[in-house]
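Chemist:
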Amino acid sequence: MKVSERIYNSIIDLWDKYNEHPFVKGIADGSLPIEKFKFYMLQDHLYLMQYAKVFAIGVLKSRLESDMRLFSDLVRATLDTENAVHQSYLRRLGISREMVANAKPSIVTDSYTNYMIAIAEKEGLGELMAAVLSCSWSYKLIGDFMEKIPGAKEHEFYGEWVSMYTSEDYRASNEQMIDMIDRMCEGYTEEQIQNLEHIVYVCSQYEYMFWDMAWNEKMIEI
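The opening position of the sequence shown corresponds to residue -11 in this note's numbering, with each subsequent residue numbered one higher.
(1) Specify whether the stretch 127 to 138 and the stretch 9 to 25 touch according to this definition: at least 3 beta carbon pairs, one from each stretch, less than 8 Å apart.
(2) Measuring only the C-alpha atoms, how far is Leu129 from Lys5?
(3) Around the C-beta of Pro93, are 16 or more other C-beta atoms found within 10 angstroms, so that it is buried, or is it exposed?
(4) Going by DSSP, what residue range makes up the alpha helix (DSSP H) through Asp68?
(5) With distances taken from CA atoms, which of His186, Asp167, Leu48 and Leu81 is nearest Lys24?
(6) Using beta-carbon positions only, say whether Ala91 and Leu36 come within less than 8 Å of one another.
(7) Kindly indicate which residue of Ala40, Ser84, Ile181 and Lys(-10) has the alpha-carbon position closest to the one of Ile105.
(8) Alpha carbons only, please: which of Gln180, Tyr103, Val73 and Asn102 is nearest the one belonging to Tyr158?
(9) If distances are taken between C-alpha atoms only, which option among Asp200, Gln193, Asn204 and Ala202 comes closest to Asp1?
(10) How far does the alpha helix (DSSP H) with His186 in it extend, from its first residue to its last?
(11) Determine the burial state of Ser84: buried for a count of at least 16 other Cβ atoms within 10 Å of its Cβ, exposed for fewer.
(12) What's the C-alpha gap between Val63 and Met(-11)?
(13) What are the start and end residues of each continuous alpha helix (DSSP H) run of 4 or more residues lying completely inside the stretch 89 to 142, in chain order?
(14) Using a Cβ-Cβ cutoff of less than 7 Å, which residues in the same chain neighbour Ile210 once the five nearest sequence positions on both sides are dropped?
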């Protein structure tokens, strides 16, 4: 069994729960209040800026030029493709560049991204890929879920977001990342694979907390 298959089997029950979250369902059926989405988009923009840095660490750690190029492409895809949709929404939501520059990450955003960066810095490329796959793969599955909802891709406001995560380019990028973790973890011991599963579990818990944070529009719980 491939490493990616083991990871998928170990975490799919949690990923499936994302589709039951009111924030995700609200995007799918178009009922999500705009203010909640506004809070989410600003925090997700801050998240993406740190997410790109994880791939940049992959460039630094790669020994092969081919891997350097793959990680470089993922940095570019995050900053130029996925972030382009975010920039479009930020403008539509009336969020200025000054507001973005002055925005502070929530404790969930900060903790999640710091965890990924710490994994990327102290562990290997396989572990780095495990940290980023929780986001990429689960969003692909969310896209699969939303594609089945009548009118989701055509919604006048949320349709652009849904179309991003159901696009062939996004799916191809996610498949590339799955292929990368299988190649980079070839020959891993059982202990190492269990560590990968733990990293994915932790990051997936953060993903669910991110949806909760956005739904409740809360920077911190006291």
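We put the beta carbon where it would ideally sit given N, CA and C, even for glycine.
The structure presented is a predicted model; accordingly, all values stated were derived computationally and were not measured.
Modeler: Judging by the given coordinates:
(1) yes
(2) Translated into positions along the sequence shown, residue 129 becomes position 141. Translated into positions along the sequence shown, residue 5 becomes position 17. Going by the C-alpha atoms only, they are around 11 Å apart.
(3) Taking the sequence shown and counting its residues from 1, the one referred to as residue 93 is at position 105. It is buried - the Cβ of Pro93 has at least 16 other Cβ atoms within 10 Å.
(4) The residue labelled residue 68 in the question sits at position 80 within the sequence shown. That residue, Asp68, is in no alpha helix (DSSP H); it is neither H nor E in DSSP.
(5) Position 36 of the sequence shown, counted from the start, is the residue given in the question as residue 24. Closest by alpha carbon: Leu81.
(6) Taking the first residue of the sequence shown as position 1, residue 91 is located at position 103. Taking the first residue of the sequence shown as position 1, residue 36 is located at position 48. Contact flag unset, no.
(7) The count along the sequence shown starts at 1 and reaches residue 105 at position 117. Nearest C-alpha to Ile105: Ala40.
(8) By one-based count along the sequence shown, residue 158 stands at place 170. Tyr158 has its Cα closest to that of Val73, out of Gln180, Tyr103, Val73 and Asn102.
(9) Here residue 1 is taken as the residue at index 13 of the sequence shown, counted from 1. Cα-wise, what sits closest to Asp1 is Gln193.
(10) What you label residue 186 is simply residue 198 of the sequence shown in a count that begins at 1. It spans Glu178 to Asn204 - the alpha helix (DSSP H) in which His186 sits, taken as one unbroken run.
(11) Here residue 84 refers to the residue found at position 96 when the sequence shown is read from its first residue. With fewer than 16 other Cβ atoms within 10 Å, it is exposed.
(12) In the sequence shown, counting from the first residue as 1, residue 63 sits at position 75. In the sequence shown, counting from the first residue as 1, residue -11 sits at position 1. Looking at the two C-alpha atoms, the distance is approximately 29 Å.
(13) 95 to 110 and 113 to 135
(14) In the sequence shown, counting from the first residue as 1, residue 210 sits at position 222. Low per-residue confidence applies at Ile210: pLDDT is 42, beneath 50, and the placement is therefore not dependable, though the value from the model is reported in the following sentence. The answer is none, since no qualifying residue turns up.
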